[in-house]
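Report on the structure given below.
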Amino acid sequence: MEEKDLKLTPEMFKRIPKNDEEAELIARPSISFWQDAWRRLKENKVAMLALVLLGLLIFLIIFGPYFNSYSPTKIQSKLKDITPNSQFWFGTDSSGRDIFTRVFFAGRTSLIVGVAGALISTIVGLLYGAISGYLGGIVDMAMMRILEILASLPYLLVVIVLQIRLETRNLWTLLLALTITGWTGTARMVRAEVLRIKAQEYVLAARTLGVSSWKIITKHLIPNAMPILIVGITFDVPGFIFSEAFLSYLGIGLQSPATSWGIMCSEATATFMYLPHQMFFPSLMIAITMLCFTLLGDGLRDALDPKLRK
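So in full-length UniProt numbering, spot 133 of the sequence shown is number 133, and the numbers just go up one at a time.
The structure is reproduced here in structure tokens:
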């Protein structure tokens with residue numbers, strides 16, 4: 001093919017006028033990491049629905065027992081085993097207690113176990129993992145061997161041993177038993193993140209300037225590991241709630257006069273075949289709570305991932 005010369009003429013070009021106002025225009029507003037994470041979380045409809053349902057559930061747990069005049073603990077033999085109706089919205093149990101009032105009253109204990117257990121495990125795992133990952137060497141090796149020994153202990157065995165040793169089955173004994181080994185997963189996760197972060201230039205600069213190890217851990221390493229910890233908490237809360245319900249259902253968790261969703265399910269086992277509503281409502285609360293926290297955790301994981309930032 002023969003090449004033809006391109007003839008350029010002034011009419012082929014258009015002069016773009018200079019506009020000082022457009023030159024100073026910011027194409028995208030400057031926002032912080034947490035503002036951007038909240039913006040992306042709001043775009044996740046499933047996570048926001050889970051957040052709304054979780055907020056509604058917490059509201060009912062706090063104020064639900066006051067919606068009627070029935071006591072969650074008072075036994076009334078004349079009102080026992082009533083199916084749901086206009087007077088008793090969720091029916092009554094085998095002791096005549098209103099299930100609607102009791103299920104939200106019991107939710108306070110379950111939610112305390114879940115939130116307190118997750119926070120305690122996160123704090124202990126955060127400090128342990130950050131120190132282990134930052135110091136490294138022999139210290140890191142020794143701390144990880146201790147962690148592996150604790151992680152290998154089944155929490156069911158720990159609960160039984162503590163109950164026998166302390167001769168009590170209250171809320172604090174259960175929390176102690178669940179958190180003795182519950183922080184090991186968080187510690188592993190934090191250690192891996194610290195090993196990645198401590199190789200960054202700003203950590204090396206802080207060391208060069210003579211900043212103490214404790215300040216580097218608290219000012220640089222822990223704040224940068226917070227996103228994965230927040231996600232971890234949302235997954236730990238339903239895990240602790242289910243563990244408490246499972247142990248109470250087996251009869252080795254909390255005991256009367258304390259009440260929880262697990263205790264309600266355990267008490268409803270005997271009447272499940274002909275009065276299934278007594279087990280249905282506490283089981284539904286456990287399922288909704290675990291589902292909401294799991295979906296919210298998925299949304300937070302995507303929102304806090306800097307690789308997905310647009």
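Built from N, CA and C at the ideal position, the CB exists for glycine as well.
6 Å Cβ shell around residue i - same chain, five flanking residues per side excluded
i: M264; result: A106, P282
i: I50; result: For the sequence presented, residue 50 should be read as Ala rather than Ile. Excluding sequence neighbours, A50 sits near C292, L295, L296.
i: E167; result: none
i: A206; result: I216
i: I120; result: T179
i: R15; result: none
i: T269; result: none
i: residue 312; result: Here the chain covers residues 1 to 310 and nothing more, so residue 312 does not appear.
Close Cβ partners of residue i (< 8 Å) along its chain, the five nearest in sequence each way excluded
i: A258; result: T109, N170, L171
i: M1; result: At M1, the pLDDT of 45 sits below 50, so the modelled position is not reliable; the number obtained from the coordinates is stated separately. The answer is none, since no qualifying residue turns up.
i: H277; result: T83, P84, F90, G91, I99
i: Y230; result: Going by the sequence as given, residue 230 is Ile instead of Tyr. Here the set comprises L300, L304.
i: L111; result: I58, I61, I241, T289
i: T101; result: G64, P65, F67, N68, Y70, S71, P72
Residue i versus residue j: straight-line alpha-carbon distance, rounded
i: S114; j: E148; result: For the sequence presented, residue 114 should be read as Gly rather than Ser. Near 24 Å, if we compare the C-alpha coordinates of E148 and G114.
i: I62; j: F104; result: 8 Å
i: A118; j: M189; result: 14 Å
i: A47; j: S260; result: 26 Å
i: A116; j: V237; result: 8 Å
i: I222; j: A130; result: 7 Å
i: M143; j: I31; result: 39 Å
i: F272; j: S266; result: 10 Å
i: A245; j: V158; result: 16 Å
i: P154; j: V161; result: 11 Å
i: Q76; j: W38; result: 49 Å
i: I146; j: E43; result: 42 Å
i: P227; j: Q163; result: 36 Å
i: D81; j: F280; result: 14 Å
i: Y249; j: Q255; result: 10 Å
i: G136; j: R191; result: 10 Å
i: L209; j: D140; result: 24 Å
i: A199; j: T234; result: 28 Å
i: L284; j: G251; result: 20 Å
Inter-residue CB distance, residue i and residue j (contact presumed, cutoff 8 Å)
i: M186; j: L126; result: Before going on, a small fix: residue 186 reads as Thr here, not Met. So it is a contact: roughly 7 Å between Cβ atoms.
i: L41; j: A303; result: 4 Å
i: T122; j: G232; result: 7 Å
i: E193; j: A225; result: 5 Å
i: L174; j: G253; result: 6 Å
i: K74; j: R97; result: 7 Å
Residue i, DSSP secondary structure in three states
i: T271; result: coil
i: T184; result: helix
i: G93; result: For the sequence presented, residue 93 should be read as Asp rather than Gly. D93: coil per DSSP, three-state reduction.
i: D302; result: helix
i: E11; result: helix
i: D81; result: coil
i: M1; result: In this prediction, M1 has a pLDDT of 45, which is less than 50 and means its spatial position is unreliable; what the coordinates show is noted afterwards. Three-state DSSP puts M1 in coil, outside helix and strand.
Chain-order list of residues whose beta-carbon lies under 7 Å from that of residue i (same chain, five-residue window excluded)
i: L195; result: G133
i: T181; result: L150, A151, L153, Y155, V158
i: S213; result: Y134
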